[in-house]
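Line by line, the protein sequences give chains B and R.
For what it's worth, the working numbering labels the leading residue of the first sequence as 1, then goes sequentially.
For what it's worth, the working numbering labels the leading residue of the second sequence as 1001, then goes sequentially.
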Amino acid sequence: MADTIVTAVGWSAKADAVEAGTQAADMALTRLLPHRPALAMVFGSSRFDQARLLQGVRSILGEVPLAGESTAGEIVSDGPLNYSVVVWLIASEALLCSLGVAEAADRAPREAGQQAAHSAIRGFQGPRKGFVLFGDGLMTRYADILRGIQEVLGTSTLIVGGMAGDDLRFAQTYQYANERVLSRAIVGILLGGPIALGVGCEHGFAPISKPRRITRARANILYELDRQPATSVYEEYLGSEVVERMRHTGFTRQHLAYPLGIQCEPSDPRLLRNVVSFGEDGSLLCSGEIPEGAWLQLMIGSHTLALEAARRAAQEAIQPLNRVAGVLVFDSIARRKLLGPRHAAMEIAQIRQVIGPSTPLVGCYTYGEHGPAGSSATAARTTIQTGSVLVIAVGS
Amino acid sequence: MTKHFWMLLVGVLATSLLLLSTDVGLYALALGLIVIGCLVYLTTKMERSHRQLEELYRLRTAYDHLDQQAKLIIRTDLELHRIQEELDRQLASLMSLHRLGQQLQVSLRPEEVFSKLDAEVVTNSGFTSALLGRCTESGDLEWCSLIGVNPAIAQQARQHLVQSGLFNDILTNPAPTVLQATLTTDPARRTLLELLDVPAVVTAGVIPHSGPTGCLVMGMARSSLANPKADQELVAILTNQLTIAIENSALYETSWGAQQALEQKVQERTRELAAVNTQLMRVNQAKSDFVSAVSHELRTPLAAIKGYAALLVNGQFGSLTAPQAERIAKVERHADHLTQLINNLLDIARIESGRVTMEHQLIPAKEFFTTVEELVHPQLEAKHLRYRLELDLKELVGDPQHLQRVFVNLLSNAVKYTPAGGSIRVHVERKDSTMISTVSDTGCGIAPEDLPKLFQEFYRANDPVNQEIRGTGLGLALAKRIVEAHRGRLSVKSDKGKGSIFTITLPIPEGSSEHSGKA
């Protein structure tokens, strides 16, 4: 008889970390019965004492392989959550999974990516179906991490994941690997066996400004556009007053409503970058890598476009699967802020409508997503995204 | 097309002349034609380039115009976003406050109110963290709800608030206050912001009429407030809700306490009444036992008195003189009266003590009332009274002997108190599962003040008519006991001087085959 993939979700919003972890894990395990978990993914608010949170989860799950991260909000079927913990359990007799961890990933990101991938494939036998990556969302050279991973796993292995958040405090994020709580690290799960993955990644933003050439940029700092300071170009569109206000108000909807769309080749999908802060030298600190020489346009979003994108991503994710056992969502915190509470709940409802109300749904709000962008993308085109919704369907 | 044709023609001519002519003049002409052709070609090219440049310029201008329009769209959209964000936040917070209000309404204790604050209210109101605490009896602060703050940090914040005096400031100034890291210079306030790791907080006291009971601290991630007044208003609404809920729950607690005390008193009184009732029942039982015992003791000598009186009357001890016979007859009459009195007392005592069980048998109504009439017929005849029986019932259910005593007693009374020539009526009918029987007369009636005591033992109305009529004062009391032993009721209505109506209601048990009809 063919092995069946079964998943279950549990969550808790209890204030005490141990109690919350225990309750969420217990709920997931109860819902999974009579199956036994082969893998656990945990997404928790950074407000919890992280070690105690994992202590609570593992008190119920025991030695089940566990990976996860802190978030900027959690997601379950009923909609977005705050200050809670969600536990996703996957049961399958023949599931192959192997954890790869690399610490101090901000110092040598490429090597960290290679190290995590190497440790994951060590002892892993069988075809690789995908690599789910959790990493520190405050790291700036995330593209190098992905390059490092791809150098080891090859471009045929699907790499998907989300960057850990810390409830918009931008101070410290956490990654989980079994009983360990890490920071400035990456944790990946290499999956194989009877599992099948479907991925959809969309943002729904449309270009509105004329294209400008990125004439000077390094890592995630954009210095010049058409040989002019990047901030002045930004001000041209948004107005100096608004930009001045944005300098002081932190991460608001105004920041997120007009992300930067980057296109290296005319046929490439546009990658989104959010402006995180403004440099004194007229530069813009962005939420992902900025390639010099590429074209940049200001993008515009709306509730309707964002909701359509979520629906499209869900449809793309479930399309290659015969049977969907569960869905993992990495949704940009930028989208949640842009949509507001009511529409953020509607976005999750859109996904749920596509995958079916009885399919377990779990996820979190991230500081960045990585997956193949656009509906025609291949595994080799895994890129860093921001402002996107990444839907990963798990099944057979 | 024409221009190209001519240029081509001139070119061909010029080339032919150049190749074929040997004449210098023709040669020069050919060269001239070539130069002219080139000039024409260049002019044409320049014209085209100029037109293309003009088109390019036009497109560029249109492109710039579109870009300018994009800027306008973005700025308008930004303003819409700003308004939408504020509206979303206020709407979400009001909805959450409404929901919280509903939850608070069902809080039964003030402590419960403090634990009801949840993450939804806090985040929907645009805040990232919240601490809600209440004053302890020792004047300290105890957190009851923590949102987005871990307990260790909350503990430090509590100590800081109490020790720095900020807690007292909040309690003495209940209006919400905004503290911003960028505007606050006070070290104590800055420390609070640092502890909670937020750039701004709104603090407010929860102060019902009874005095300060707690404080609310709400933190936000925004370093400067876009609309501090709106934030203060939201926190004010929230603290008002908490305050009202605390007052309501305190009122509930008070009324609940009073109700509990009342309930306890009712239970105490019920217990006391039950004890008194038990005692009364014991006393009543003792009385019945006493009456029963005494009656038994009296019956034996009474039988001897009656026996000897009968022997004397029969002349067993010699003939009696007229005065002797008259006195002996009186002795017999009084002995009979005393016997009847004792028998009635004994019956009452037996019924009260439960030693007598009433039979429940079907009694043919016609025969029953015929017998009753026969028993009182001599009395009716003696006083020339009219008697009418209206029987709308075939059968009644009960103990025939005892029920006969009841009706004979009521009819005897009616005969006694109805003047000669009057009338007595007995009406019997069935209504649902009850037999209703009335014995009415046109007698002297009963005074209203005597009615409540009429069924008490030995009660006789203080009435001149009554003085002339003999009676034990036990007949009605016994009749009432017998009817009640049948689970029925005996009642009386009377108009003084017009007559009385005694009503007997007796239940007819379910399943009785009784059918009403004219007998």
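For each residue, glycine too, the CB sits at the ideal point set by N, CA and C.
For residue i, count neighbouring C-beta atoms within 10 Å of its own C-beta (all shown protein chains included) and say buried if the count is 16 or more, exposed if not.
i, result
"R/Q1052", "exposed"
"B/L153", "buried"
"R/V1465", "exposed"
"B/W295", "buried"
"B/P411", "The structure shown does not extend to residue 411 of chain B, since chain B spans only 1 to 396, so no value can be given for it."
"B/E316", "buried"
"R/P1364", "exposed"
"R/V1198", "buried"
"B/C264", "exposed"
"R/E1120", "buried"
"R/D1441", "buried"
"R/D1088", "buried"
"R/E1047", "exposed"
"B/R312", "buried"
"R/C1038", "exposed"
"B/F330", "buried"
"R/N1284", "exposed"
"B/H370", "buried"
"R/A1420", "exposed"
"R/A1535", "The displayed coordinates of chain R run from 1001 to 1519. Any statement about residue 1535 of chain R would go beyond what the structure contains."
"B/W11", "buried"
What does a CB cutoff of less than 6 Å around residue i pick up in its chain, not counting 5 residues either side in sequence?
i, result
"B/V233", "L225"
"R/H1427", "E1390 and T1438"
"B/N178", "L66"
Is the separation between the beta-carbon of residue i and that of residue j shorter than 8 Å?
i, j, result
"B/A25", "B/W88", "no"
"R/G1148", "R/V1178", "no"
"R/F1167", "R/L1132", "no"
"R/I1348", "R/R1481", "yes"
"B/E69", "B/A164", "yes"
"R/N1409", "R/A1485", "no"
"R/S1423", "R/L1385", "yes"
"R/G1126", "R/S1093", "yes"
"B/L222", "B/L284", "yes"
"B/L190", "B/S332", "no"
"B/V64", "B/A40", "yes"
"R/A1030", "R/L1018", "yes"
"R/V1035", "R/M1007", "no"
"R/G1214", "R/R1134", "yes"
"B/F124", "B/G192", "yes"
What distance in whole Å lies between the Cβ atoms of residue j and residue i, which are believed to be in contact at a cut-off of 8 Å?
i, j, result
"B/G387", "B/N220", "The pair is not a contact, with the Cβ atoms about 14 Å apart (cut-off 8 Å)."
"B/Q297", "B/P207", "4 Å"
"R/R1430", "R/I1508", "7 Å"
"B/I384", "B/G288", "4 Å"
"B/I60", "B/T7", "Not quite, the Cβ-Cβ distance comes to about 16 Å (not below 8 Å), so this is no contact."
"R/L1033", "R/L1013", "6 Å"
Using a Cβ-Cβ cut-off of 7 Å (strictly less than) and excluding sequence neighbours within five positions of residue i, which residues of its own chain qualify?
i, result
"R/K1518", "Model confidence at R/K1518 stands at a pLDDT of 37, short of 50, so the residue's coordinates are unreliable; what they give is reported in the following sentence. Excluding positions up to five away in sequence, the list reads D1392."
"B/T359", "V324, G326 and V327"
"B/L338", "R253, L256, A257, G301 and A306"
"R/S1224", "Only weak support is given to the placement of R/S1224: the predicted model assigns it a pLDDT of 48, under 50, and the question is left unresolved by the model."
Let me check understanding here. Comparing Cα to Cα, which of the options lies closest to residue i?
i, options, result
"B/A171", "B/A13, B/E235, B/T71 and B/P80", "B/T71"
"B/G148", "B/K129, B/G113 and B/L158", "B/G113"
"B/R247", "B/E280, B/Y223 and B/Y237", "B/E280"
"B/R31", "B/P372, B/G340, B/G100 and B/V9", "B/V9"
"B/I5", "B/A91, B/V160 and B/D106", "B/A91"
"B/I290", "B/A102, B/I214 and B/W11", "B/I214"
"R/L1375", "R/A1236, R/V1356, R/Q1404 and R/L1312", "R/Q1404"
"R/M1281", "R/G1354, R/P1419 and R/R1269", "R/G1354"
"R/P1110", "R/E1086, R/L1020, R/L1476 and R/T1136", "R/T1136"
"R/A1245", "R/A1258, R/Q1340, R/G1101 and R/A1200", "R/G1101"
"R/A1304", "R/Q1324, R/R1189 and R/T1339", "R/T1339"
"B/A13", "B/A94, B/G161, B/L81 and B/S59", "B/L81"
"B/I195", "B/V354, B/A38, B/T382 and B/L361", "B/A38"
"B/G368", "B/A334, B/R128 and B/E347", "B/A334"
"R/D1495", "R/G1445, R/L1161 and R/H1081", "R/G1445"
Quick check on residue i - is its C-beta less than 8 Å from some C-beta in chain D?
i, result
"B/E308", "Here the protein chains are B and R, and chain D is not one of them."
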